[in-house]
Amino acid sequence: MAARDGAMEKLRRVLSGQDDEEQGLMTQVLDSSTLSFSTRLKCFAICFVAGIFFSILGTGLLWLPNIKLFAVFYTLGNLSALASTCFLMGPVKQLKKMFETTRLLATVIMLLCLVFTLCAALWWYKKGLALLFCILQFLSMTWYSLSYIPYARDAVLKCCSSLLS
Numbered sequence: 216m217a218a219r220d221g222a223m224e225k226l227r228r229v230l231s232g233q234d235d236e237e238q239g240l241m242t243q244v245l246d247s248s249t250l251s252f253s254t255r256l257k258c259f260a261i262c263f264v265a266g267i268f269f270s271i272l273g274t275g276l277l278w279l280p281n282i283k284l285f286a287v288f289y290t291l292g293n294l295s296a297l298a299s300t301c302f303l304m305g306p307v308k309q310l311k312k313m314f315e316t317t318r319l320l321a322t323v324i325m326l327l328c329l330v331f332t333l334c335a336a337l338w339w340y341k342k343g344l345a346l347l348f349c350i351l352q353f354l355s356m357t358w359y360s361l362s363y364i365p366y367a368r369d370a371v372l373k374c375c376s377s378l379l380s
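Residue 216 is where the sequence shown starts when you use this note's numbering, and the numbers rise one by one after that.
Take a look at the structure:
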């Protein structure tokens with residue numbers, strides 16, 4: 216029982232980014248007023264599952280003549296999945312990690328694709344452009360997500376280069 220509690224505490228520290236850095240006074244004050252770890256995990260799961268649901272629903276709506284619903288639900292799914300990680304590490308830490316130099320380009324491209332997808336579908340009425348931005352949205356979200364896994368980007372680049380040569 217104690218080993219499991221210790222493992223859960225270690226998981227909580229790693230996910231909240233407190234594993235190897237000391238907390239400042241402000242961080243300690245903010246952490247004392249936040250959700251419990253189990254509540255964070257539940258909210259993360261709910262938000263992430265909602266994101267998957269909206270993305271799948273949006274993909275199903277792709278075959279309808281009106282691309283607006285597809286673009287809105289697919290983008291909402293990606294935003295929900297992205298926001299779900301805020302429950303694990305907090306919104307401020309999430310934003311700081313998103314705009315670190317290692318993932319800055321992926322973050323900017325991903326956010327631009329989210330906005331441009333909605334613009335192409337809702338205001339510009341360009342179905343092909345909306346679909347292109349959704350594909351770019353998926354690719355940039357994947358590249359962004361891979362930045363959190365050590366050496367994953369390098370592995371993907373090596374696989375792609377070996378396929379192309």
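By construction, the Cβ of each residue, glycine as well, lies at the ideal position given by its N, Cα and C atoms. What you are looking at is a predicted structure, and each value in this text was computed from that prediction instead of being measured.
- When DSSP states are grouped into helix, strand and coil, isoleucine 364 belongs to the coil group.
- In terms of Cα proximity to alanine 345, the closest of Gly273, Phe252 and Ile364 is Gly273.
- Between alanine 336 and valine 287, the C-beta spacing is below 9 angstroms.
- Rounded to the nearest whole angstrom, the C-alpha separation of alanine 260 and leucine 378 is 35 angstroms.
- Counting the other CB atoms within 10 Å of its CB gives glycine 275 a total below 16, which places it among the exposed residues.
- Remark: C-beta atoms of cysteine 262 and serine 295 approach each other more closely than 9 angstroms.
- The C-alpha of threonine 300 lies about 9 angstroms from the C-alpha of arginine 255.
- For leucine 354, the closest alpha carbon among the candidates Lys312, Leu320 and Leu310 is that of Leu320.
- Note that the C-beta distance between leucine 351 and cysteine 328 is below 9 angstroms.
- Its chain contains Ala286, Val287 and Thr290 as the residues whose beta carbon lies nearer than 8 angstroms to that of leucine 333, once the 5 sequence neighbours on both sides are disregarded; these appear in chain order.
- For asparagine 293, the uninterrupted alpha helix (DSSP H) run begins and ends at 282 to 304, by DSSP.
- Per DSSP, the unbroken alpha helix (DSSP H) holding leucine 320 starts and ends at 319 to 333.
- Between glycine 292 and isoleucine 267, the C-beta gap is smaller than 9 angstroms, which places the two residues in contact.
- The beta-carbon distance between threonine 322 and tyrosine 359, rounded to whole angstroms, is 6 angstroms. This is short enough to meet the 8 angstroms contact definition.
- In the three-state scheme derived from DSSP, where H, G and I count as helix and E and B as strand, serine 251 is classed as coil.
- Residue burial annotation: leucine 303 is buried, with at least 16 other C-beta atoms found within 10 angstroms of its C-beta.
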